[in-house]
Every structure is written in structure tokens, then in C-alpha cells.
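Take the sequence shown: its position 5, counting from 1, is numbered 1153 in our numbering, and each next residue is one higher.
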Amino acid sequence: MKKLLVLLASVFLWTGASASHIMGGEITWECQANGQYVFTLKVYRDCNGIPGQTSAQTLNIWNYGSFPNTIICNFISQTDISPPCGFPCSNPTAGSAEEYVYISNPVTLTGTPPANGWVFTWDDCCRNGAIDNLILTGGGSTGHTLRAIMYPYTPVGAPNANPADPCYDSSPIFLESPATVLCTGFPFTYNQNAFDSDLDSLYYDWDQPLRDNPWPATAFTFVAGYSFNSPFPGPTQNANNTGATLNNNSGEVSLTNYTPGSYVSVVRVEAWRCGQKIAEVFRDLQTTYLGGADCPGLPGGLTNNPPQVTISASTFTPVTPSLFVDTVFAGQTVTFNMQASDFDPQPAGTPSPIQNVTILASGAQFGAGFTSTTTGCLQPPCATLNPATPITNPIGSATTFTWNTDCSNLNYSNACASSNTYTFLLRASDDFCNAPAFFYGTFQVTVLPGVSDPAEVKCIRTLANGDVELDWTPPLDTGLVFNEYIIYHQPVGGGGYGQIGTIPDPTVNTFTHVGAPGGGNYIVRQSTGCGFLSQPNDTISPIELTVAAPPPGSVANLTWNSPFPGGLPATSTGYYYIYREFPAGTWSLLDSTQTTAYSDTVNLCNEFINYRVETQDTSRNCNSQSNVDGAQLADLTPPNVSPADSATVDINNNLASISYQATTATDAVYYIIYTWDAINSAWNPIDTVFDLSQTTYVNLNSNAANGPESYGVAVVDSCDNRSPVSSIQTTMHLSNELDACAYADSLWWTSYVGFPMASYNIYVSENSGPVTLLGTTVAGDTTFLHANLTPFSSYCYYIEAVGTGAETSRSNQLCIFADAPLAPQWEYMKFVTVDITANLVDMEVYVDTVADVIEHRIERSFGLAGPYSQVGLVPQPLTGSEIQFQDLTANFNLQEYYYRVVAVDDCGADVLISDTSNTIHLDVVANANLTNELSWNAYRYWDGGVESYNIYRWIDGIPNMTPLANVPGNTTTWIDNLNTTFLGQQGNGQFCYYVEAIEGAGNVYGFLELSTSNLTCVEQNPRMFIPNAFNPLSSIPENQVFKPSALFVDQYPYEMRVFDRWGKEVFYTTDSTIGWDGTFEGEDMPGGVYTYAIEYLPEGADEAIRYSGYVTLIR
């Protein structure tokens, strides 16, 4: 029902006589002092439409929970805002426009706005039907809604949002009239110049134009190529167009447009307070761009330009062509001259041929009427213009900006924050008909308090009476008002700073704190205009010196504080100077240091000594001085340690010595020389040296050849105060291990102790020759290998330690004799022979038993040239001079073998290879002519050579130790003719041979040796000769008996049978040596032909050999 009443009221109020061609408008409100609100409605109308309403208008309130939900705004004014070129609304042309203003009576709003705010709207039925960027439905009847939104606000620290009664905010208002008509073809910059009297932060952005539906009203749809945040023509419509940009912080709109037409845009201004959005106002505006005849150009085809503006006599810095900034100190005057000139003529046919230039201004810090310095601005004194705006003159206008700032302009505050930056807007425009051109200048001034730099306190002195005196350097002259120096003191223990004095004269830079309580901190500040104090300088404190000397003592321990918390400043010399009073009344500079502590050792018997500490500042040419403090001192301090340089060993006698620095103690008497007892961990004094100039001591009782020795030295003064023993200095001790086999000597030594090590040098002398550098090792490496020694040479070594500071020390000298294994003089192979009984190769070697030989390696090869491989090892004999070896693996029946012996010395090295000897390999071939052919290889390398070879033969396996033959030593073949050597002998035909080599005379060692070959056997095939007749009565015995003549059959199974013609066996025997004598059973058989059958079975044969035939018995 409520919405229906609102709708009916709205129809009643404006539907009956609605204005057409509404161009836009805005709604704003102002918080009154009585807590009520006054709302203002502004409506902009195209003068070419129906006249606007001069009756009251109604604002609707949406989201408002209780009545009233409308606000009546009374008609106030109707103003022609057309371009001032002779075409007012009374005689309208393109661009003619007027402004209607409606203002409500004060109203009370109750409750609290919801999170989405109270929305205040006004709507009408009709926009201009010729709008180019919106899609208009219904022709010219398309509606129009203006709106503004009030949001809730919760003050900082409050639990809830403020109620709207009383009011808590005024909305932003637009101080700049809208730009309703412009000419195409030139750059245009326009500033909305929104202002918020509550000093809320403002944010600008584009927004949607709305139809006249009930809230929430519907947004218009834009023509293709346009949108609510790109409402003006861009490069899509014309390549020369730039499109409109909106600065979100300043509200400045900039564009260049060559496309005529009417365009609707909405700019939203948000007010923000303490991080909360508190209000939104919307300026809905139709802007008409004229071109062609509607916007005639200048003569010659030129385009109208904005006035040329010159800013002179100014300290402003141009950030952009339209933004100028300046920073001043309170009390300074800000001034500049603005000259705006426009020499462009008016188009032909206008009343005046020249253009007028108008200057308008806005800004919350301008005084009333732009002339008052005391009223009408945010924070007086106010800025003024002379002459005051508006100013209009032909061709050009000018005005002077003046603002005499003071301390009240340092800030103006809103509910959340304060600001010291003020913004002023000056606009210069021409009256080009009918689209004026504008220049907008934004001027921002930041007012600073003008606090001067602090005075720099340089020095502080504690005077003899306890007063404290300060010196400082004044700050550079910044042109600020000087009031006075104020001196503050903070007592010891903390607490606040209290003012202890002032100095009104800027040329006086010294202050004395009379009756100072001692200690504490001081600062000096400068008072300037607006009552502001400079920042305090760095604190400075008196130098509090304390001297401590625990009795009884000869050392005064001085400690003090730095006068500055961060240490001495860069303008000081960087040193503390220590002064000592002795004798009484006489002060002398003792020393200087960069620390805040110092120890003074005295050699006085018993005196009270005073001290003070000073610093110097070169920039102020002053000094800081501590209080005076002292102590009773006595010389109970031993002399300083005399540093020991090194301990070394004399290589000529291996005596150690120590070198040390001469004492600097003026009351020193003698040195004490110590050695270190490592077992008891104690120093043992060994001698005293009274000659203080003697800085080397030789220990005549040194035993440095047997081990390292450690030394130290101490100084004794006239009061028998002994210094600490110096740092320990320990000599090096060199040891070695000779490797005679490798011809190398391994050296190692103990590390030197006493100075930082850099390296070790190893020196050597060979056979008493010159000393040469053998090698160098790095620190920490205390071993060295001397390789490639010359056997049976003498070597003497020593080590030199080299320190990082070029210090040196020598070790003991160590001498060695480079012994080496004694090589054998001979390794003689006495014989190599085949033991045919034991079936092995036996050998004997004559060796040098004096030599350093550990074993003998027996090597064997298939050929004289090798390769040789080991077949056995025989140790060096403990007794006797021969070694024997039996080779059980040799297959001497197949071939000969070559043997040699290698002597291996104590180091495992092969030192001598014997001559090569070989076995004798015998080959025998049985020939069919009853000969056996023997061949063998020669025996080699007897010292006496081979005199001859004995040849031995065994028949049917029966050994015969009598040589069959003897041949010369250069003979290696022989033929055994069995027809001769076997004549009359019996056997089965097996013959075995071996050869025996006999050494000739002349062996240097006196040896006569034998070497036997392998035993080789062959077999002759059996042979049989059968006669075909015999005569028992023959005079030849061989013809008297029928018996085959057989060789090599004796040992075989044998049978012979004889048959008569009737097949009767007349003879049988199994003895091959018995024949048939022609009888049978003791009676002679008659002569005639008989048949025989003979057979024997050779050894190993599977079948017997048979003979048969006829024999004739002759009678």
C-alpha cells in the first residue's frame, strides 16, 4: 500500500506537465547545525524541449523503514547555463541549457541506514530522443532517474553505527557547473570539482544511467561501441578520438572527440570516512558535441582552442599541464599570478568579433567572496583572489592568488583524520559560440610546521667545581623564526627531561649547568614559529671517569662512558685522550684510545695519581672533558713478557738455543731461561742471563739429537717481579727409516711449536758435499721421502721450519749410510739331468752364499728363447754352496726342457740369472735293415763344455750299465747296427737306449758333471729264414739240421711240426733253438720231401704268425 501511495504522489506531482529533453542532474544533502538535513535537487534541461517545472518536486526514500518516505524540495531558481554567446534559452539553439534548483526544508531522518543505504531518487518521464549512446525505447518517452545514497557510519571505537538523528554527514557537492555542450575536434579537460565539507575522502568513477522504473531502476542498454564506463566516442567511432578517461582521485575527465552527437554519462562520487563508505552522489549528464555548421570554425578553418594560461611569480611545481603542487612552511605567503588569454575570434555572424575570457575559482580554503582572509574557508587565514572571480574581459583576464599562511593552517580535521593539504580549482574559459573551450587548473598547497633542524651538541665538559658546560653548533638558517634555545637535563636513573635553562640569543652556543648533580643526559632544542620545537639533538652525557686500582696494585684501570649514545661522532677525531697528573699539578698526555677503557701501569713505588679523559670535535673546535679521578698506585707489576722468537738446533753440534726479544721494561735486571718438563708439566729454570742486550741463549747441556726440547724465557725487574714465561718454543726432532731395497729414506720430524707455521724445508748433504734444498712441505706435513738414493753413499739431513712471519728454526742433524743388498757374483747351473729311475728331472746349482740372496727361482721353458715360467723356489742354503731341485712335472720323454735359475735378493728383486741348461731328449728309430738310429739334442752351457756322450743299451728291459758306445761331444746322432752289435744274441727285439753327457775339463769352478737323457725304447720286428733242404751227413754243421734261422723270436710262444708224405708227424718242438735232425724215434728217416708247419705269437699280437712249406731231406 505504501509503494502505491508513493507512485500516485509521483504521478500527481510531475506527470501532468513533465519536461521533455531532461539532460541530467544530481541530488545532494547538507547536515545542519540543528541535526536536520537539507536536500538539494538540481535538474538540467535542454532548452529546446518543454519548459521545466517551477513547482515543488518530490524525492523518494528507499530502504527507509518508517514514514515519511518522501521529501518535498521547493523550487528555488531557474538559471540559463547556455554558452554566453547570444543564444539564451529564450531563443534556444543547439547547446542551450538551463538549471532548475529545488531545496527542501530541514527534515529529520530517524533510525540508521541499512548496509545498502537509504536511496534518494527523483525521476521523470523523458530524456532527449536524439541521444546517440543509449538504446532508447518508446521514442522520447524514455524515463530518467536521479539518485543519491546515504550509508551508515560507525565512529572509530563505537560499538554501533550512528543514528541519522542528529545528522552526521553532508554529501559531496559539485562546485563546477556541468559542461553541457562542446565542440568536436579539440582536447577537452573537465573537473567536476566535487567538495565535501566534512573533509571526507572522495573517489570518482563512472556509473549506469537509469530509466524511470520504481527502485531499483533499470539501467539503460548502451549502443554497440559504448558502455557506462566508456560513454563517449572512442577510436572505434573515429580514429582521431581518444575516448574519455576519468581520474579516480581528482575527478578530472579528459578526452578528444571528433564525433558529433549527444552522449549520456554518469559520474559517481563516493565519500569515505575512516575506511567506511558514507555517501554516494551521482551526476547524470547529457553532453552535446557540436560539429559542422552547429559549431562553426574559426576563419581559415582553424579550431577554437582553450585560453592560453600562464602561471607566473610562483613556487608551484607543475605535475601535469593542469596540476600544480607547492609545499610551504606555516607563516610563509603563497602567491602566484594567473593570466588567461584567448586571441581566437568569434565565428562570423556573432555580435562580437572577439572572445571574452572568464576566470572562475572554487576551493574550500578561499575566503568569502574570494576577498576575505578571515571568513568563509576551512581554516582562516583564507586565500584570496585579486580581483575576485568571476572575472570576464575581452581577449584576456588575470588574477593574483594570495594566501598568508600561519600556524592555524597546519591541519584541518574530520572525524577520522587530519590533513594539511589544500586544493584550489581555477577555471579559464572563452565564450566561443556556442561551445566554449575550458582550461582547468588544480593547485594543491601543503602547509608544514617549519620545524627547524636541531642544534648539534658537540662537546660537554665537567669543570673542576662540578659544573657542566655544553657547546653546540646552531642549525643552518632556514629562514624560520627563532625564539630561543632550551636546554634540558635528565638525571641519572632515568625519568623525564627537565628544563634547566634558555638562551634567547641565537649567536650564543654555550651553556653552563651550574650546580650540576653529575651524570645524566642533556639535550638542546630550538623553539621556532607556531611554538614548535625542533627535534631534540642526540643526547649527550658527561664523561664519567672511574679509576680502579685493587690494592696493592700498579695498574690503574680507567673506564668511562662515551658522551654520545652511538659512540663518538664523525666530526670528532675518533679518539679519547688520557691525561695523567704527576707530579701534582702537572698534567701530561699519557695516551689515546678508541675504546672506553684504558689500563695504565706505573713503576712508581707508592703515589696517588689523578687522570682525566678528553675528546676533540673538529667541526666545533671544542673538547669534551671528564671529571678527575685517581687512585693510590704501587709498582707491583712484573715486566712484560719478552716474546720468544724461536728455538733452534745447531746442526754442527746438535745443541739447542732460544732467541727472544729484548725486554722493554726500564727496570728489568735479568732473564731466566727455562726448559719445559713435560712429565711434571712444569717450567724448570736452567740459567740466568744478566746481559739484557743478549737475546740468544745456547744450552750447552742440550740433548736435542735425541728428542725435541722446549724453552721459554722470563724477565725479572729490580723489584724481583718476574714476568710470565714466554710462549713455549719447541725444537724439531728428526728421525728416519732407511729402505735399502727401495733406495729411499723416509724422514719424519716432530712439529715445531712456537710461531705460526708456513712450511718446512728439508736440506741434505751427500758424501759431505754442499747442503742443498731437498724439498718443502706445507705446515702440518711432517714427513718426507728421499727417493733414488745412491747406494753406499752417506747423507746428512736437517729440517728448517719457516713461519708465516719469516721466522725459522732448525732441527737436529741426522746422518745415514745408504746401504744396499750385496748382489751375487755367480749363479752357476752345475747340471740338469733326467733321473730315469725316479722319473724326474734333477738339477744342482752352485750359488754365491755371501750375497744377500733370499731365494732362488727355478724357471723352465720349452725353448731356449723362452718364455720361462716358474716351476719352483729354493731358499738360499744355510750350509753348503749348492742347491738342488727336482722337477716332477716335466714330461721329458716328449721333448727337452730348458732351465735357468734367478737369484732373488733380500728386497725381492731379481738380481742375477744363471746360464741356461737343458735336458737331453733322445729319439730312437728302428729300421728294417736291422739298425736302430739314435738322435738327441746337445747339452748346453757347461763351463767345461761337453767332452763326449756315452750311449747305453738295454735289451728286453734288462739294464746294462756298460756303455755300448762313446761319441765325441759334438756328435748328437748314432746308428746301432744290430747285425754287428747283436750278433749271436737272443731276444725278443726290444732295445732301450739313453745318452750320458760327460763334461770336459777346464771348468773354472772345478766341476766335472754328467747329464743323462731320457730312456727311449724301440722294437725290431721278428725275422725268420726257413731252408728248403738239409743233409744230416753234410760237413757244414748249419746244414745238418732243419731249423729256421729266427731273430727276435726267442721269447715268444713257438711251435714247429714236420710231417711225412702220409701226414704223420715225425717232429715237434716249442724251442726255436732246436731243429729236426732227420730222425723219428731214434731212427733215420728216408730221404724225400717232408711238410713243415711253424707258428709263433709275438708279444701283444692277437693272432699267431704261421709258416708252412716243403723241405727235402737228402740222404
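Glycine included, every Cβ here is placed at the ideal spot set by N, Cα and C.
So, is residue i buried or exposed, given that buried needs 16 or more other C-beta atoms within 10 angstroms?
| i | result |
| --- | --- |
| G2150 | exposed |
| D2250 | exposed |
| G1287 | Here the model assigns G1287 a pLDDT of 46, short of 50, so the residue's position is not dependable and the matter cannot be decided. |
| Q2133 | exposed |
| R1870 | exposed |
| E1324 | buried |
| V1993 | buried |
| C1963 | exposed |
| M1132 | For residue 1132 there is no data in the structure shown, the boundaries of the chain being 1149 and 2263. |
| G1333 | buried |
| S1203 | exposed |
| L2261 | buried |
| K2269 | There is no way to answer for residue 2269, as the model of the chain reaches only from 1149 to 2263. |
| D2124 | buried |
| E2247 | exposed |
| N1847 | buried |
| A1165 | At A1165 the pLDDT is 41, less than 50, meaning the model places this residue with poor confidence and gives no usable figure here. |
| F2130 | buried |
| R2263 | exposed |
| L1933 | exposed |
| W2122 | buried |
| F2286 | For the chain, the structure presents residues 1149 to 2263; residue 2286 sits outside this window and is missing. |
| L2042 | exposed |
| Q1842 | exposed |
| K2212 | exposed |
Tell me residue i's beta-bridge partners as DSSP assigns them.
| i | result |
| --- | --- |
| Q1764 | N1771 |
| H1637 | G1646, Y1670 |
| I1198 | DSSP output for I1198 lists no bridge partner at all. |
| K1425 | W1420 |
| Q1809 | None; Q1809 has no bridge partner. |
| F1838 | Bridge partners of F1838: none, in fact. |
| F1343 | I1321 |
| N2164 | Here the sequence assigns Thr to residue 2164, which means Asn is not the residue at that position. Note: T2164 sits in a beta bridge opposite Y2141. |
| I1820 | T1836, A1862 |
| N2173 | Correcting the residue type first, residue 2173 is Phe in the shown sequence and not Asn. In the DSSP output, where bridge partners are listed per residue, F2173 has S2193. |
| F1932 | L1895 |
| M1905 | G1951 |
| R1575 | L1508, Y1588 |
What is the residue span of the beta strand (DSSP E) that residue i lies within?
| i | result |
| --- | --- |
| L2261 | 2253-2261 |
| T1594 | 1586-1596 |
| I1543 | Careful: I1543 lies outside any beta strand (DSSP E) and carries neither H nor E. |
| Y2240 | 2236-2244 |
| F2207 | 2202-2207 |
| E1948 | 1942-1951 |
| D1748 | 1745-1749 |
| F1659 | 1658-1661 |
| R1609 | 1604-1610 |
| G1259 | Looking at the DSSP string, G1259 is not in any beta strand (DSSP E), and its letter there is neither H nor E. |
| C1221 | 1218-1228 |
| N1783 | This sequence places Asp at residue 1783; Asn is not what is there. That residue, D1783, is in no beta strand (DSSP E); it is neither H nor E in DSSP. |
Can you tell me where the alpha helix (DSSP H) with residue i in it begins and where it stops?
| i | result |
| --- | --- |
| T1302 | Neither: T1302 is in no alpha helix (DSSP H) and is coded neither H nor E. |
| L1921 | Per DSSP, L1921 belongs to no alpha helix (DSSP H); it is in the beta strand (DSSP E), 1920-1926. |
| N1276 | No alpha helix (DSSP H) holds N1276; DSSP gives it neither H nor E. |
| N2127 | 2126-2129 |
Measure how close the beta-carbons of residue i and residue j come, nearest whole angstrom, since I'm counting them as under 8 Å.
| i | j | result |
| --- | --- | --- |
| T1982 | V2072 | In the sequence on display, residue 1982 carries Val and not Thr. Actually they do not touch by this definition, with Cβ atoms about 15 Å apart. |
| V1873 | I1806 | Not confirmed; about 11 Å, so no contact. |
For chain D, is any of its Cβ atoms less than 9 Å away from the one on residue i?
| i | result |
| --- | --- |
| L2163 | Going by chain labels, chain D is absent from the structure shown, which holds only one protein chain. |
Problem set entry | Minimum length 4: unbroken alpha helix (DSSP H) runs contained in the region 1449-1524 | None, since the region 1449-1524 contains no complete alpha helix (DSSP H) of that length.
Exercise. Where are the beta strand (DSSP E) runs, 3 residues long or more, that stay fully inside the region 1963-2049, in chain order?
Worked result: If we require 3 residues or more, the beta strand (DSSP E) runs fully inside the region 1963-2049 come out as 1975-1983, 1988-1995, 2001-2009, 2017-2023, 2030-2035.
For this session: Identify every run of the beta strand (DSSP E) within the region 2054-2097, keeping only runs that are complete inside it and at least 3 residues long; order them along the chain.
Result: Runs of the beta strand (DSSP E) inside the region 2054-2097: 2058-2061, 2070-2074, 2079-2084.
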